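Take the sequence shown: its position 229, counted from the start at 1, is 262 in my numbering, and no numbers get skipped.
We put the CB at the ideal spot given by N, CA and C, even for glycine.
Here the structure is a predicted model, which means the values were calculated and not measured.
Quick notes on the structure that follows.
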Amino acid sequence: MFRSTSTVLARGRFLIPSTPLRCASPSATFVALRPSAPARFVSSLSANPKRATPRRLPIRPSPAVALTSFRSCSHASHQRRRAAMTDRDILPDTFKPVHYDLVITDLDFTTWSYKGTVTIEGQLTKPTTEIVLNTLELKLLNSRIEISQSKSDQSWESSNFTEDTKSQRSTITFAEQLPASPKASLTVEFTGELNHDMAGFYRSQYKPVAPPAASVPHDDEFYYMLSTQFESCDARRAFPCFDEPNLKATFDFAIEIPDDQVALSNMPVKETKPATQGKKLVSFERSPIMSTYLLAWAVGDFEHIEAFTDREYNGKKIPVRVYTTRGLKEQGQWALQHAPKIIDYFSERFEIDYPLPKSDILAVHEFTHGAMENWGLVTYRMTAILFDEKLSEARFRNRIAYVVAHELAHQWFGNLVTMDWWDELWLNEGFATWAGWLATDHLHPDWDVWPQFINEGMDQAFSLDAVRSSHPIQVEVRDALDVNQIFDKISYLKGCSMIRMLASHLGVKTFLKGIAIYLKKHQYSNAKTEALWAALSEASGTDVNTLMQNWIEKVGFPVLTVTEEDQRISVKQSRFLSTGDVKPEDDQTTWWVPLSLKGKTGSKGIEPLALTTKESTIDGVSNDFYQLNAGATGFYRVNYPESRLKRLGTQLDHLTTEDKIFITGSAADLAFSGHATTAALLSFVQGLKQETHYRVLSQALDSLATIKSIFGDDEQVKAGLEKLTLEVIDNALKTVGWEAKEGEDFNTGLLRKRLLLTAVSNSHEEIRKGAFERWSAYQANPEQSPIPANLRAPVYHSAIVTDPANAVAALKKEWYTTPAIDGKEICLQALGRTTDVEVIKKVLLPFLFNSSPPAAAADSIPGADMHILSGMFAGNRAARPLMWAYIRDNWDEFTGKLAGNPILVDRMINVSLPKFNDLETLKEIEAFFAGKDTKGFDRTLEQVKDKIRGRAAYKTRDAEGVKQWLVSNGYA
C-alpha cells in the first residue's frame, strides 16, 4: 500500500516500543565466520570500557565477511520474538482455511446493504464445539459445517452466534462436538453494509463527467461506485473470514450486479449469467493462494483503456487495463505507459514472471491512502493514477510513475511472498518503496529520483525516528487492530533506507539476486525478516543478519561526531534524538555503519569502511577535503566540526547532488537538536546561492522554512530569514523565470513552481504582484486567461496574501467545481495558507470539520482529504492554535465525522498538532487527551508530543543565536 511522502498521506501508525532487552555481557564481540559456518559469541570485555582515547584502526574495509562488533544479543532477540508470537492475540487454530467460495447478491442502493454466502473449506484441527472467525459490521444469519470422515460425511447447522465487537470476532457454537477432520466445509450466510467509511466494501461519491449508466446509484449531489479496501484488517467488514496474513487460501468470487455496470476482481471473469430481472451474476477465475487482505472487487459504471506487456508469459502478453468511471479513462494513459514496462522490468529483475493472467488498475473516487496492491486489481486514489495532459501539474507525472511501480512491486513482495505477521510489515512496504524508486529511476533516469528520495523520503524517516517515542522497524504487534499505527514513515521510508543502504553495500546486482532467491524459496507462502537475510547472505557471502539486526530490531539511528587531527579523524557514534536529551539508557545500541569515506590520502574514490564500535580513528585522511557517507546511502547523520562544515560549503564542486542534500539535512537536524548551531547551518545554506538543482534547493528551503516556523514569531527574525531566503533563490529564480522554455527538463519545471511559491511566501513584492495580476486576469475571464497548471500554487497563494476574503471564497468554489484531477488538492493547500483570523474561524474551520449531510457538499471537505488542509494549517502560525481550539472544543463532532475509519482520526492527530513551539500548548494537549480514549492513535500522540518538546527546546536554546547571526550578516 502506498502512502504519499510528499504530502502527509502516510497512515500515521506507531507503537511505543518496550524497553529493549540487553545481553548479560554488554560488550560481547560477535565474530562473523564464513556463511556456511555457525556464528558464535566470543567474550571481549575491556578492562576500561570508558577510556578517553579511542582505539586506533578498528575500522576496516567491509569485505564479504568482516569482523564486526555489536552490542546485541541474537539469543535474547530470538527469545523475545518467540514470546511475542505466543502472546499475540490471534484466532484459535481450530480451523485452518484452504479455500473460500464467496457470493455477493442483492446489492440494495436504498438501504446500502447486501447479502452474502461464503463457504470456507479447510481443516478442522481438533475436536471442538466452537469456530471463531473475524467479523465487523456484519449480521450472521445461518451456518452449516460439513465434515468428511473416512466412511461418511456429516453436517451440523447453527444459528448460535456470539459477537465480540471489540476483538472483531464472532463465535459459532454448535450443539454437539465437531470431530477433527482434514476436510471440513463451513458455510455462513450473512448481510453487510455498503458503508461510506473507505474500509471494507464501501461506496465512493463522485460527480460524473459523462452521462452515467441508468442503474448507477445517486442522490441529489452525487453518484456512487463500489469498491473494497481490506488492508490491514477490513476483509472482515465485507465477509466472515479468518482475517490474518498467514492464513492464506484460494478464492472463488462471484457478485450479482446491474446489467449495465461492470464488476472487477483479482482474476479475469470466468462467466456471466443472467440473474434476477435487470441483473447478472459475474463469476471470476480462482485466485492463487493469498492473504484475505489482498482480495478485492469493485462495481461501477466503469470503462477502460488497455495495453500489453512486451514480454510473453506462458506464451501470452499480459493485458494491463486502467479502469475509471465513465469519461475519465483517457487520463489513465500516463499510468498505462508505465505499468506494462514495470511488470516486465520486475519479472526480469526478480527472476520470477508476473504470476497472474491480467493486471488491472482502478481509480477510486474516495480513498483513504495513496493506493492498495490487491493482487491483479490495484486500487488508487484519483491523484495517484490519473493525469490530464492539459490540466494536471507536472509533479503528478512523477507521483503516478512511482506509485504504479510501488504497487506492482507488491505483486511479488507482499502478495507472492507475504510477511508472516504485521510486526514485519516493513518487509512489504520498505521493499516496495525501494523497488518503486528503482523502477522509476530505470524508466526516468533524468528525473534524479534518488536525490528526490533523500530530500523527501529519507529526511522524513529521520524526522520520525529522531523522537524518543519512535519504534523499531520490526515492532511487536500483539493485536492486529494495533497495526494501523505502524503504517508509517518507519515501515515505509526507514525500511526503504535500510534496503537502499544494504543494496549499496552488497551491490544492487547481488542484492537483486538475493531477492530472487528469497522469492523463489517462499513464493505463495509467508516469510520472516530472517528469511530475507538468509537469501541475501546466500547471494553475497556476507552475514547480512549481523550487519542489519540492530537496524531492524532497535529504535533510532546514530549521529557520527567527527573530531579532527592532522591527517586523522576520530568518529564516534551515538543515538540521535531531536530533543537533544539523550540519556544513557537511550544510547545502548552500536550500529554497523558503512562510512563511505571520500578523501582518504592516495585514494580518488570512496573507501568502503565500516564503523562497528562506538568510537574509532581513521588515519590518512586529507586535511583539505574529506566526506563521510558519500552518496548518502547510509542512514545516519554526520556532525562535522563547524569549521569543516563551513569549508564544505566552499567545496561544493567536490560534492554530488546527493551529498549536498544530505549535508544540508544533517546540518539542519544537528542545529535542531543542539548538537551544532543554527549559525553553522545558515552559513552553509548561504553558500548555496549559485545552486540551481531543484532537490538541493528544496532541501535548503525546507531547512529555512523550519527555522522560520520556529523563530518567526519575532518579526525582526522573520524579516531577516525572508531576506536570506530570497537571496538564496535569486540566481535560480532569475534563471527559470515565469515561463517554461522549450525543451527544458522535468526538474526545471518543478524548480520554477517551488521558487515562485517561495518568493510569494517570503514577501518578494515583484513576484507577488505578477502572480496576483495572473489571478485577477483569471478571475475576470477564466477562458481567456487560464492559469498554467504548474503555476496555480504560487498564483493562488498570492491571491490569499493580497485579498484573503475574496480569494478564499473563489478558491472554495474552485475546489468544488474544478475539472482538474489534482485541482482539489491544490486549492486546499492554497486555502491552508490563509492568515486572516476571521476568515479562518468563520469560513475555513467549518469547511474543514463540517459533515455532509447536513452541511452542503460544497461546504464540507470529505474525510479522505481533511489532512491536506489541516496539514497546511499546522504550519500556519495564525491557523494552528485556532484549529487546535476547534478540535478541543468540538471533539465529538471531530471524531463523529471520522469515527467510521480510525485511520483518519490517527492521521488528523498526526498532521494537526506537531508544529507547536511551546510547552504551554503541550500541557493543554496532555491534559485534554488524559481524559480521552486514545486507542487507535496513542502512539501517534506520543510522537506528536515529542515533536513539540523538540521544537520548544530548539526555540528556547537558539532564538538569540539566530537573531545574532542574521544581524551580523546584514539580514536583520
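Do the CB positions of residue i and residue j come within less than 9 Å of each other?
{"i": "Leu-790", "j": "Pro-837", "result": "no"}
{"i": "Ser-699", "j": "Asn-656", "result": "no"}
{"i": "Gln-366", "j": "Val-353", "result": "no"}
{"i": "Ala-853", "j": "Ala-840", "result": "no"}
{"i": "Glu-399", "j": "Pro-815", "result": "no"}
{"i": "Gly-333", "j": "Ser-260", "result": "yes"}
{"i": "Trp-566", "j": "Cys-529", "result": "no"}
{"i": "Thr-666", "j": "His-475", "result": "no"}
{"i": "Ala-502", "j": "Arg-972", "result": "Per the sequence shown, the amino acid found at residue 502 is Ser instead of Ala. The answer is yes: Cβ separation under 9 Å."}
{"i": "Phe-223", "j": "Gly-149", "result": "yes"}
{"i": "Ile-820", "j": "Leu-766", "result": "no"}
{"i": "Ser-570", "j": "Gly-540", "result": "no"}
{"i": "Gly-403", "j": "Phe-35", "result": "yes"}
{"i": "Asp-126", "j": "Ser-200", "result": "no"}
{"i": "Val-433", "j": "His-371", "result": "According to the sequence as given, residue 433 is Ile; it is not Val. In contact: Ile-433 and His-371 (Cβ atoms closer than 9 Å)."}
Going by alpha carbons, who is nearest to residue i out of the options?
{"i": "Arg-236", "options": "Gly-964, Phe-744, Gly-933", "result": "Gly-933"}
{"i": "Phe-970", "options": "Arg-982, Phe-949, Gly-964, Asn-943", "result": "Asn-943"}
{"i": "Leu-902", "options": "Ser-945, Asp-892, Leu-937", "result": "Ser-945"}
{"i": "Asn-279", "options": "Val-131, Leu-410, Ile-164, Phe-383", "result": "Val-131"}
{"i": "Arg-319", "options": "Asp-267, Leu-721, Arg-501, Phe-284", "result": "Phe-284"}
{"i": "Asp-747", "options": "Glu-384, Gln-997, Asp-122", "result": "Gln-997"}
{"i": "Ala-992", "options": "Glu-381, Gly-803, Thr-144, Leu-754", "result": "Leu-754"}
{"i": "Ala-663", "options": "Ala-643, Thr-683, Glu-691", "result": "Glu-691"}
{"i": "Trp-459", "options": "Thr-143, Glu-509, Val-221, Leu-681", "result": "Glu-509"}
{"i": "Tyr-302", "options": "Thr-162, Phe-317, Thr-309, Asp-293", "result": "Sequence check: residue 302 is Val here, not Tyr. When only C-alpha atoms are compared, the closest one is Phe-317."}
{"i": "Ala-232", "options": "Gln-210, Tyr-256, Arg-269", "result": "Arg-269"}
{"i": "Leu-681", "options": "Ile-694, Phe-717, His-708, Thr-689", "result": "Phe-717"}
{"i": "Ala-1005", "options": "Lys-756, Lys-722, Leu-174, Ala-368", "result": "Lys-756"}
Using the Cβ count rule (16 or more neighbours within 10 Å means buried), how would you classify residue i?
{"i": "Ser-573", "result": "buried"}
{"i": "Ala-1000", "result": "The sequence shown places Val at residue 1000, not Ala. When all chains shown are included, Val-1000 counts as exposed."}
{"i": "Asn-950", "result": "buried"}
{"i": "Asn-299", "result": "buried"}
{"i": "Thr-697", "result": "buried"}
{"i": "Trp-467", "result": "buried"}
{"i": "Val-242", "result": "exposed"}
{"i": "Ser-176", "result": "buried"}
{"i": "Thr-86", "result": "Reliability of the predicted coordinates at Thr-86 is poor, the pLDDT of 36 falling under 50, and no value is obtained from them."}
{"i": "Val-577", "result": "buried"}
{"i": "Tyr-987", "result": "buried"}
{"i": "Trp-848", "result": "buried"}
{"i": "Gly-904", "result": "buried"}
Quick check: what's the CA-CA separation for residue i versus residue j?
{"i": "Asp-197", "j": "Ile-205", "result": "12 Å"}
{"i": "Trp-330", "j": "Thr-168", "result": "18 Å"}
{"i": "Phe-705", "j": "Gln-507", "result": "27 Å"}
{"i": "Gly-908", "j": "Thr-646", "result": "40 Å"}
{"i": "Leu-328", "j": "Ser-392", "result": "14 Å"}
{"i": "Arg-104", "j": "Met-581", "result": "Only weak support is given to the placement of Arg-104: the predicted model assigns it a pLDDT of 30, under 50, and the question is left unresolved by the model."}
{"i": "Ile-351", "j": "Thr-342", "result": "5 Å"}
{"i": "Glu-724", "j": "Val-761", "result": "8 Å"}
{"i": "Arg-913", "j": "Val-136", "result": "49 Å"}
{"i": "Phe-609", "j": "Asn-583", "result": "15 Å"}
{"i": "Ala-282", "j": "Asp-230", "result": "27 Å"}
{"i": "Pro-591", "j": "Lys-978", "result": "22 Å"}
{"i": "Ser-893", "j": "Gln-976", "result": "29 Å"}
{"i": "Arg-984", "j": "Ile-936", "result": "26 Å"}
{"i": "Cys-860", "j": "Ile-873", "result": "15 Å"}
{"i": "Leu-424", "j": "Ala-822", "result": "6 Å"}
Can you find a heavy atom of the ligand HEM that lies under 8 Å from the Cβ of residue i?
{"i": "Glu-318", "result": "The model depicted lacks the ligand HEM and carries no ligand whatsoever."}
_Extract the residue ranges of the beta strand (DSSP E) inside the segment 117 to 177, only unbroken runs of 3 or more that lie entirely within it._
128 to 141, 146 to 157, 161 to 167
*asked:* Quick check on the DSSP output: what are the complete alpha helix (DSSP H) runs of length 4 or more inside the segment 625 to 690, in order along the chain?
replied: 675 to 681
*Which runs of the alpha helix (DSSP H) spanning at least 4 residues fall entirely within the segment 558 to 620, listed in chain order?*
Every unbroken stretch of the alpha helix (DSSP H) spanning 4 or more residues and falling wholly within the segment 558 to 620 is given here in chain order: 562 to 573, 577 to 586.
_Continuous alpha helix (DSSP H) assignments of at least 4 residues falling wholly in the segment 911 to 987_ = 912 to 922, 924 to 931, 935 to 945, 952 to 963
*Runs of alpha helix (DSSP H) wholly within the segment 354 to 421 (minimum 4 residues, chain order)*: 366 to 382
*Which runs of the beta strand (DSSP E), 3 residues or longer, sit entirely within the segment 426 to 476?*
450 to 452
*What beta strand (DSSP E) runs, 3 residues minimum, are completely inside the segment 256 to 313?*
256 to 262, 283 to 291, 295 to 298, 302 to 307
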